[in-house]
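Below is one structure; the comments refer to it alone.
Numbering (this note's numbering), first residue to last: 21 to 396.
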């Protein structure tokens, strides 16, 4: 019943504001050079009114909200959404203080109870790393905030809930390694932040219509789609209307410009899409590739290899779409993105065979967590 009432109120506010826009009493905000009008954004129980900074808009908005207040008997709206400051500057430490206070408060709620090292590892992974997830899904964490969170985690890991200072026997980078590599499996919040924000980049590549995507494109231009492509994604070509032949990953796991840099350098079609480079003749697919000069002898072998790679391609009537190379069935997952970021941004060391075997069986031996942690 509560959600039904909220839905009805949202519909009323949205209808009033849209009517005000139709009769030119409320001027929406125009985004980008194309002038995309944006006046109202609604999600769940939240409503965001957007318009020009004018006195007329203020009076109209006041009338709409006053009518909503009289109808629903709600006198004020929240300035935070689930604890996240709306419109705050993520570069300021004050924006992240509510999150830091929650972590400190959670530590204080555990009191002076004795918690073994094994259980402290579990609490760091299950509680202390879970608290910032909502913040990390929407804002880039500054390095000073990350250091503050790591400080709280490090002190809790080695000293527990006591106020005495203890020695940190292992550096934090090693603790964040997977357990099979000699670490404790604690996730690095820097990489968690990158993987969660990457989901928004991935959503920007989809063909589904969303207002926020239209706003981003109108603000930064159509070329922004190509700029957000990161590792782990590739183009699944349909009719070849948006996939570039050389620069997008559409065959294999590497762009053709990187696999055949010499051929790419002498091509006169470096920016062309696939649909402009092929034709169907007598039910046979022919590639119309053009070059600045004739091939050298050793370049002919590369050209034949290129033709062998692209030979299986045959166009369809579907539009091109982006494909997550990590898992083509489920699509983008933050978990796989995290593993990909760790693999790209960290250096893995070769473990001794004996240590490697010990680490593989240590955490699966069935012993209590405090025994496994002590053995580690």
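Cβ coordinates follow ideal geometry from the N, Cα and C atoms, glycine included.
Asked: Touch test, the region 207-216 against the region 155-163, Cβ-Cβ under 8 Å, three pairs minimum; Found: yes
Asked: Per-residue DSSP class, three states only, for residue 42; Found: helix
Asked: Rounded C-alpha distance that separates residue 196 from residue 204; Found: 6 Å
Asked: Member of 201, 198, 200, 172 whose CA lies at the smallest distance from the CA of residue 188; Found: 172
Asked: Minimum C-alpha distance to residue 129 - residue among 49, 286, 39, 181; Found: 181
Asked: Residue 70 beta carbon less than 8 Å from that of residue 61; Found: yes
Asked: Reduced DSSP category for residue 317 - H, G, I as helix; E, B as strand; rest coil; Found: helix
Asked: Helix, strand or coil at residue 309 according to DSSP, with G and I counted as helix; Found: coil
Asked: Simplified DSSP assignment, three categories, for residue 289; Found: coil
Asked: Span of the alpha helix (DSSP H) around residue 367; Found: It is not in any alpha helix (DSSP H) - residue 367 carries neither H nor E in the DSSP assignment.
Asked: For residue 170, the first and last residue of its enclosing alpha helix (DSSP H); Found: 163-179
Asked: Per-residue DSSP class, three states only, for residue 154; Found: helix
Asked: Assigned secondary structure, residue 34 (DSSP; H/G/I helix, E/B strand, else coil); Found: helix
Asked: Bridge-paired residues (DSSP) for residue 62; Found: 67
Asked: Whole-angstrom distance between residue 134 and residue 202, CA atom to CA atom; Found: 26 Å
Asked: Residue 268, buried or exposed, once every other Cβ within 10 Å from all chains shown has been counted against 16; Found: buried
Asked: For residue 51, the first and last residue of its enclosing alpha helix (DSSP H); Found: That residue, residue 51, is in no alpha helix (DSSP H); its beta strand (DSSP E) goes 49-51.
Asked: Beta carbon of residue 224 nearer than 8 Å to that of residue 236; Found: yes
Asked: Exposure of residue 74, with buried meaning 16 or more beta-carbon neighbours within 10 Å; Found: exposed
Asked: Rounded straight-line distance, which links the Cα of residue 367 to that of residue 266; Found: 30 Å
Asked: Where residue 105 falls: helix, strand or coil (DSSP); Found: strand
Asked: Rounded C-alpha distance that separates residue 178 from residue 161; Found: 25 Å
Asked: Neighbour-count burial assignment, residue 97, 16 or more Cβ in a 10 Å radius; Found: Summary for residue 97: the model assigns pLDDT 45, below 50, so the residue's position carries little reliability; its value from the coordinates is reported in the next sentence. Answer is exposed; the Cβ neighbour count stays below 16.
Asked: CB contact flag (residue 176, residue 127, <8 Å); Found: yes
Asked: Of the listed residues 271, 149, 191, nearest to residue 330 (C-alpha basis); Found: 271
Asked: Residue of 140, 147, 136, 174 minimising C-alpha distance to residue 123; Found: 147
Asked: Chain-order list of residues whose beta-carbon lies under 7 Å from that of residue 296 (same chain, five-residue window excluded); Found: none
Asked: Backbone secondary structure at residue 198 - three-state DSSP; Found: coil
Asked: Alpha carbon of residue 46 to alpha carbon of residue 232, nearest angstrom; Found: 21 Å
Asked: Sheet register partners of residue 57 (DSSP bridge); Found: 50
Asked: Contact under 8 Å by Cβ, residue 118 with residue 103; Found: yes
Asked: Spatial neighbours of residue 238 in its chain, beta-carbon cut-off 7 Å, leaving aside the 5 residues before and after; Found: 51, 52, 54, 56
Asked: Three-state secondary structure (DSSP) of residue 353; Found: coil
Asked: Best match in 292, 353, 109, 58 for proximity to residue 212 [C-alpha to C-alpha]; Found: 353
Asked: Neighbour-count burial assignment, residue 288, 16 or more Cβ in a 10 Å radius; Found: exposed
Asked: Span of the alpha helix (DSSP H), counted from its first residue to its last, around residue 207; Found: From DSSP, residue 207 is part of no alpha helix (DSSP H); its letter is neither H nor E.
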